[in-house]
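K.L.:
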Amino acid sequence: MGGIDIRQLDLDNLRRSIGLVSQNTSLFCGAIKENLLMAQPSASTSELQAACRYAALESTLSELPEGLDTWIGEQGQRLSGGQRQRLSVARTLLQKPTILILDEPTAQLDGPTASALLQQIFQAFEGTTTLHITHRLVEMENYDAIVVLDKGRMVQQGTHSDLMTHDGLYRRLWEAEHSMW
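Below is the structure:
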């Protein structure tokens with residue numbers, strides 16, 4: 001990683017350098033602000049608001065009775081699935097990881113919202129090594145390399161442009177998904 005054998009890295013530092021946005025977001029019983037501060041305890045209110053803006057949570061916050069201080073319940077049960085995922089994105093933004101793992105980060109979002117959120121993620125994490133695990137082929141043209149798996153085996157790899165020139169699994173999946181929009 002970064003030219004250094006990963007076995008030579010301090011495990012605690014390595015863990016701190018990895019940010020995860022998962023389809024199964026872990027939120028804690030408390031306020032939105034408390035959940036955000038888990039990533040960066042010293043973050044100011046303006047930093048929290050900026051992270052929420054990048055994560056497309058700004059309009060949600062304005063509708064909530066107490067904004068950042070709104071109680072979200074155990075595992076964020078008072079929020080929708082999409083709001084929970086966007087809160088996870090905001091928290092990861094505050095963490096400022098050098099490696100970002102996106103595991104179905106837009107699974108709870110409709111197509112246009114997913115696309116807009118991914119654009120924000122690309123902008124916010126520009127220059128960050130990103131591993132995006134997904135079944136939805138939204139914004140794939142923004143990635144440097146795509147690996148296509150089928151039944152656990154790699155069947156294709158390349159850029160979006162390269163993969164679209166071949167009649168392979170990637171192109172068939174992409175065409176099927178985009179014909180629905």
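Numbering follows my numbering, in which position 117 of the sequence shown is assigned residue number 117; successive positions increment by one, without gaps.
Glycine residues also receive a C-beta, built at the ideal position from the N, C-alpha and C atoms.
#1: Quick check: the Cα distance between Ser42 and Asp150, rounded to an integer number of angstroms?
#2: Check Gln40 in the structure and name its three-state DSSP category.
#3: Would you mind reading off the limits of the alpha helix (DSSP H) that contains His132?
#4: Quick one: give me the first and last residue of the beta strand (DSSP E) that Met154 is part of.
#5: Just reading off the alpha helix (DSSP H) that Ser179 is part of, what are its end residues?
#6: Can you tell me whether Gly168 is helix, strand or coil according to DSSP?
#7: Below 7 Å CB to CB, which residues in the same chain sit around Leu61 once its five sequence neighbours on both sides are set aside?
#8: Using only alpha-carbon positions, find the residue among Phe122, Leu20 and Leu87 that is nearest to Glu141.
#9: Are the beta-carbon atoms belonging to Leu137 and Glu177 less than 7 Å from one another?
#10: By the three-class DSSP mapping on this structure, what secondary structure does Ser62 have?
#11: With burial defined as no fewer than 16 other Cβ atoms inside 10 Å of the residue's Cβ, what is the status of Ser35: buried or exposed?
#12: So Ser46 is in the alpha helix (DSSP H); what residue range does that whole segment cover?
#13: When you compare only the Cα positions, how much space is there between Gly168 and Gly82?
P.N.:
To lay it out plainly:
#1: By one-based count along the sequence shown, residue 42 stands at place 42. By one-based count along the sequence shown, residue 150 stands at place 150. Between Ser42 and Asp150, the C-alpha separation is close to 43 Å.
#2: Counting from one through the sequence shown, the residue named residue 40 turns up at place 40. The answer is coil: DSSP assigns Gln40 none of H, G, I, E or B.
#3: Here residue 132 corresponds to residue number 132 of the sequence shown, with the count starting at 1. No alpha helix (DSSP H) contains His132, which is instead part of the beta strand (DSSP E) from Thr129 to Ile133.
#4: By 1-based counting over the sequence shown, the position of residue 154 is 154. Looking at the DSSP string, the run of the beta strand (DSSP E) that includes Met154 is Arg153 to Gly158.
#5: The count along the sequence shown starts at 1 and reaches residue 179 at position 179. Looking at the DSSP string, Ser179 is not in any alpha helix (DSSP H), and its letter there is neither H nor E.
#6: Translated into the one-based positions of the sequence shown, residue 168 becomes position 168. Coil.
#7: Counted from its first residue, the sequence shown places residue 61 at position 61. The answer, listed in chain order, is Cys52, Gly67 and Leu68.
#8: Here the question's residue 141 lines up with position 141 in the sequence shown. Measuring from the Cα of Glu141, the nearest candidate turns out to be Phe122.
#9: As a first step, residue 137 must be located in the sequence shown, where it is residue number 137. As a first step, residue 177 must be located in the sequence shown, where it is residue number 177. With contacts defined as CB atoms closer than 7 Å, Leu137 and Glu177 qualify as a contacting pair.
#10: Within the sequence shown, residue 62 is the residue found at index 62, counting from 1. For Ser62, the three-state secondary structure derived from DSSP is helix.
#11: Here residue 35 is taken as the residue at index 35 of the sequence shown, counted from 1. According to the sequence provided, residue 35 is Asn. The question's Ser does not apply to it. That one is buried.
#12: Against the sequence shown, residue 46 aligns to sequence position 46. Taken as a continuous stretch (DSSP letters only), the alpha helix (DSSP H) holding Ser46 covers Thr45 to Tyr54.
#13: For the purposes of this step, residue 168 is identified with residue 168 of the sequence shown, where counting begins at 1. For the purposes of this step, residue 82 is identified with residue 82 of the sequence shown, where counting begins at 1. If you take the alpha carbons of Gly168 and Gly82, they lie about 31 Å apart.
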